[in-house]
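Residues 79 to 286 in our numbering are what the sequence shown spells out, letter by letter. Heads up, the beta-carbon is just placed ideally off N, CA and C, and yes, glycines get one too.
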Amino acid sequence: LNNQDFRNYLDKNFKFEKNPSFIVAVSGGPDSMALVFLLNAWNKVVKGKLLALIINHNMRENSLEEACKVSKYLQLHKIKSKILSVEKNYINKKNMNEARLNRFNLLTNYCVKNNIFYLFLAHHKDDNLETFISRKLGGSDFSGLKSINEISLRNKTILIRPLLNYSKKEIIKYNFKNKIEFIQDPSNFNYKFSRPLIRQFITESSEN
């Protein structure tokens, strides 16, 4: 994974208008931090308008503090960002599905309101496997077990996931090589949720 290969991938697989406006969802984790820097390098070539949207889920005491930290870091690298906060009346179940729904609603509603068609998301190859296992355990039928789509439409917004061919290891290697800082979401290690358990299982299986 490097800037040139990423640029070649976008140029080969997607067609954008001249000087496109687009948004990238940034959590501060290694995946989204790699993506925003990859897109920033590409944006300098296409001369578009890049905005990083950072979601404050309001599910942890220091979530806003983390969002501000990510925003300031991006600002140091001259990447424009904005923090969107989930209203507390939308937080009831406090689970990952609810957080995911709130996140998508905030992101796509912002895109629609500001007439921005493209939203980049940092799902990667490992996420595809985790999703398959999660859906399989949940009893999904054949159609429900399909992979995460590289491109899809949601709430009049085009969702683009350009990292699906790259593993978590490749993404972290890119971050270290380019000295990109990132944070780890504590919920990734909370084994009350199914996703972290599946992720741990995949990691241990690959090491054996």
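According to DSSP, residues forming a beta bridge with residue i
| i | result |
| --- | --- |
| asparagine 91 | According to DSSP, asparagine 91 bridges with nothing at all. |
| arginine 178 | Paired residue(s): none; arginine 178 is not in a bridge. |
| arginine 232 | Thr235 |
Inter-residue spacing [alpha-carbon to alpha-carbon] between residue i and residue j
| i | j | result |
| --- | --- | --- |
| lysine 96 | methionine 174 | 37 Å |
| aspartate 204 | lysine 127 | 29 Å |
| arginine 239 | isoleucine 161 | 21 Å |
| methionine 111 | proline 98 | 20 Å |
| valine 190 | tyrosine 196 | 10 Å |
| serine 105 | valine 148 | 8 Å |
| phenylalanine 84 | asparagine 121 | 12 Å |
| arginine 178 | asparagine 170 | 13 Å |
| glutamine 262 | alanine 130 | 18 Å |
| leucine 199 | leucine 237 | 7 Å |
| asparagine 183 | leucine 231 | 13 Å |
| asparagine 81 | lysine 90 | 14 Å |
Presumed contact (8 Å Cβ cut-off) between residue i and residue j, rounded CB distance
| i | j | result |
| --- | --- | --- |
| valine 102 | leucine 88 | Wrong, their Cβ atoms sit about 13 Å apart, outside the cutoff. |
| leucine 142 | histidine 202 | Actually they do not touch by this definition, with Cβ atoms about 26 Å apart. |
| aspartate 109 | isoleucine 258 | Not quite, the Cβ-Cβ distance comes to about 11 Å (not below 8 Å), so this is no contact. |
| tyrosine 188 | asparagine 180 | The pair is not a contact, with the Cβ atoms about 13 Å apart (cut-off 8 Å). |
Environment of residue i [buried if 16+ CB atoms lie within 10 Å]
| i | result |
| --- | --- |
| histidine 155 | exposed |
| phenylalanine 254 | exposed |
| isoleucine 157 | buried |
| leucine 116 | buried |
For residue i, three-class secondary structure by DSSP
| i | result |
| --- | --- |
| asparagine 81 | helix |
| asparagine 136 | coil |
| leucine 199 | coil |
| glycine 222 | Confidence in glycine 222 is poor, its pLDDT being 49 and thus under 50, which makes the residue's placement unreliable; the coordinate value appears in the next sentence. Of the three classes helix, strand and coil, the one that applies to glycine 222 here is helix, per DSSP. |
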